[in-house]
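J.: Residue numbers (the working numbering): 106 to 365. Quick reminder that beta carbons are idealized off the backbone N, C-alpha and C, glycines included.
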Amino acid sequence: MSETPVLTADRGAVRVVTVNRPDKLNALNAATLDALLAAFEAAAADPAVRCVVLTGAGPKAFVAGADIAEMNGLSAVQGRDFSLRGQKLMRRVEKMPKPVIGMINGFALGGGLELAMGCHLRIAADTAKVGQPEINLGLIPGFGGTQRLLRLAGRAATLELCLVGAPIDAARARELGIVNRVVPAADLEAETMKLAEQIANAAPLALRGVLDCINVGGECGIEEGLEYETAQFGLMFATQDMREGTTAFLERRKPHFSGQ
Ligand code: COA
């Protein structure tokens, strides 16, 4: 078994976080959940990191779910705590102050799809399969799946995925809006890095403004959401990057954003 459940590597301003239990299809046990949380805390705190790519090690899986062997021995109270542990991680990913791209290189099932749905953008290999198969184990999604899938893909698709439990292919996931893009498996890494680098070159405070507005807007009424957007929009005028971006446009040159 791999000793380090999560690997991190920097490619310029892009931090690549890799779930590293390929022999268990990157299943999320408690140690992996904790290691992922630590990796995201570190990426959030590091100003040199402007975008995060999350993926799974090995050729088969992004993450094939919560660790079934570990769950098998849990009591009800421990099961509840396991759910809270997973939900805390997905919420941390969702609330990251910089964009997180899920690079879905294979199975994203159960906790794997829940982790992918915590990401802000999802790119899937055409060979990937996603689903919420917990029903087949006498379980339900417990890391936010019933709630995030509902918001992402709507009631009909969520009910189908969670009640039937059958995985769907990447093309169907794209149709349902569960993933943003589907690319040939051989191009997945290059396409994801291209997108990540593009995002990493954008103004960090504006990226954060977008993330904050959309996170808030997804959870409140329209009036409150619009008010929040106005406040964030106004805040942008206090940034050097807004001056740089608008000036660069007027001077017909490329902007260089400092994150100030
Ligand atoms: N938890 C723990 N171990 C898992 C796992 C999970 N969610 N998913 C896969 N594994 C392990 C298998 O037990 C196996 O371990 P072993 O070699 O020690 O026996 C190894 O990963 C490889 O999986 P295997 O099932 O042999 O691969 P496969 O290609 O035949 O099937 C899947 C792939 C994804 C279809 C299958 O592994 C599967 O259905 N996994 C569970 C998916 C699931 O229900 N997730 C939701 C959990 S709440």
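1) Taking V122 as the reference, give the member of L179, G178 and P204 with the closest Cα.
2) Could you tell me the distance, in whole angstroms, from the CA atom of L316 to the CA atom of L310?
3) Starting from V315, trace the alpha helix (DSSP H) both ways and give me its first and last residue.
4) Specify, as a first and last residue, the run of the alpha helix (DSSP H) that R286 falls within.
5) For the region 281 to 288 and the region 217 to 234, state whether three or more C-beta atom pairs, one from each stretch, are separated by less than 8 Å.
6) Quick one: what does DSSP say C229 is sitting in, helix, strand or coil?
7) I'd like to check one pair, G117 with A305: are the Cβ atoms closer than 8 Å?
8) Can you list the alpha helix (DSSP H) stretches of 4 or more residues lying completely in the region 216 to 273, in chain order?
9) Tell me the rounded alpha-carbon separation between R358 and V119.
10) Which one of Q252, P246, G163 and K299 has the shortest CA to CA distance from S188?
11) Give me, in chain order, the residues of the same chain whose beta-carbon lies closer than 6 Å to that of A367; leave out the 5 immediate sequence neighbours on both sides.
T.: Looking at the coordinates:
1) Within the sequence shown, the letter at position 17 stands for residue 122. V122 has its Cα closest to that of P204, out of L179, G178 and P204.
2) Against the sequence shown, residue 316 aligns to sequence position 211. Against the sequence shown, residue 310 aligns to sequence position 205. Straight-line Cα distance between these residues: approximately 10 Å.
3) Looking up residue 315 in the sequence shown gives position 210. Where V315 is concerned, the enclosing alpha helix (DSSP H) stretches over P309 to G322.
4) Here residue 286 refers to the residue found at position 181 of the sequence shown. Segment R286 to V288 is the beta strand (DSSP E) holding R286; no alpha helix (DSSP H) there.
5) yes
6) For the purposes of this step, residue 229 is taken as the residue at position 124 of the sequence shown. The sequence shown places Ala at residue 229, rather than the Cys named in the question. In this structure, A229 counts as strand in the three-state DSSP scheme.
7) Reading the sequence shown from its first residue, position 200 is the one you call residue 305. Reading the sequence shown from its first residue, position 12 is the one you call residue 117. A contact, by the Cβ cut-off of 8 Å.
8) 216 to 223 and 250 to 269
9) As a position in the sequence shown, residue 358 is number 253, starting the count at 1. As a position in the sequence shown, residue 119 is number 14, starting the count at 1. Distance between the alpha carbons of R358 and V119: 24 Å.
10) The count along the sequence shown starts at 1 and reaches residue 188 at position 83. Here the closest residue by C-alpha is P246.
11) Nothing can be reported for residue 367, as the shown portion of the chain is limited to 106 through 365.
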